[in-house]
Amino acid sequence: SVSCWSSACASRLRAGTLRFRLRERLTRSGRVRFQPRITEGSRESVQLLAGGKVDLAFVQGGIPLEADLPRLQSPSSEVVLYFVRDGVGHPSQVRKILTSAEGQGSHSVAEVFADLWNIAGQVQFAHDWRDFSADPAYAIPADVDAVFVIKDLAEHKSLDAAERLSAAGFRPASPDLGAHALALDYLQRAEIPRGYLSPDPPLPQQPVATYSVATYLVARRDLTPRL
Numbered sequence: 095s096v097s098c099w100s101s102a103c104a105s106r107l108r109a110g111t112l113r114f115r116l117r118e119r120l121t122r123s124g125r126v127r128f129q130p131r132i133t134e135g136s137r138e139s140v141q142l143l144a145g146g147k148v149d150l151a152f153v154q155g156g157i158p159l160e161a162d163l164p165r166l167q168s169p170s171s172e173v174v175l176y177f178v179r180d181g182v183g184h185p186s187q188v189r190k191i192l193t194s195a196e197g198q199g200s201h202s203v204a205e206v207f208a209d210l211w212n213i214a215g216q217v218q219f220a221h222d223w224r225d226f227s228a229d230p231a232y233a234i235p236a237d238v239d240a241v242f243v244i245k246d247l248a249e250h251k252s253l254d255a256a257e258r259l260s261a262a263g264f265r266p267a268s269p270d271l272g273a274h275a276l277a278l279d280y281l282q283r284a285e286i287p288r289g290y291l292s293p294d295p296p297l298p299q300q301p302v303a304t305y306s307v308a309t310y311l312v313a314r315r316d317l318t319p320r321l
């Protein structure tokens, strides 16, 4: 039996109990081999699932899924991190957003938000989050107005990146969708408390309303409950 998930989900699972429990339950009888497969993101995971190359895939909410695919929502979720450059007060002022890999989870959800903010026709995306989060020497281009990613706030890499964004002149902001959020079943209201990302100086300086984004364990269509 083969499973895959995005690199973002994989790092969370290694740190939590879900992966341990899954492996323990699968291997207890000795009849099942659990083989993880790391992908670039949720969209690639869905493609592997549709092609019958994996049995199960962890898929971030916001990635289109066929309605008849069996799925379970993971008990853990990730959080929308939305930072804006100092001086940006409203999404209508945003012209360029730094996000993750093109077509993957963060970018797909960012496109949904841009559409609901009525800025889809004016905004461009820079898919440089991986470079930024991995390389302390990476400088965010001057024309980037905002950063939009979906991350696990328990990861040190996410917290380090948040501190670097603050040092680069960006501040946490609320990606508020108003009533539009009710139509997106993978979103739940959440809050980043004062000092949650960094205690000294406190980041954010005040609580910031945001959203948690569900992650689903999705099975291929012909995977029976017994399997």
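For the sequence shown, the working numbering assigns the number 95 to the initial residue and increments by one for each residue that follows.
A virtual CB, placed ideally from N, CA and C, is assigned to each residue, including glycine.
Please read these numbers as outputs of a predicted model, since none were measured by experiment.
Check whether the stretch 275-283 and the stretch 249-261 touch, using three or more Cβ-Cβ pairs below 8 angstroms as the test. Contact between the stretch 275-283 and the stretch 249-261 is absent, because fewer than three Cβ pairs lie under 8 angstroms.
Can you check whether the CB of Leu271 is closer than 9 angstroms to the CB of Ala240? In this structure, Leu271 does not lie closer than 9 angstroms to Ala240 by Cβ.
Since Gln300 is in the beta strand (DSSP E), which residue starts that stretch and which ends it? Note, Gln300: premise wrong, no beta strand (DSSP E); not H, not E.
In the DSSP assignment, what residue or residues form a beta bridge with Tyr280? Paired residues: none, contrary to the question.
Is Arg288 helix, strand or coil when you go by DSSP? Assignment of Arg288 by DSSP, reduced to helix, strand and coil, places it in the coil class.
Write down the C-beta distance between Ile234 and Glu172 rounded to the nearest angstrom, noting that I regard them as a contact closer than 8 angstroms. Contact flag wrong, Cβ pair sits at about 22 angstroms.
Okay, do the stretch 279-290 and the stretch 304-311 touch, 3+ Cβ pairs below 8 angstroms being the bar? Look at the beta carbons and you see the stretch 279-290 touching the stretch 304-311: at least three pairs across the two are nearer than 8 angstroms.
Answer with buried or exposed for Trp99, where buried requires no fewer than 16 other C-beta atoms within 10 angstroms of its C-beta. Note that Trp99 scores a pLDDT of 45, beneath 50, so its modelled location is shaky; the value from the coordinates is reported in the next line. A buried status is given to Trp99, since no fewer than 16 other beta-carbon atoms sit within 10 Å of its beta-carbon.
Quick check: Arg165 and Val178, are their CB atoms within less than 9 angstroms of each other? Contact: no.
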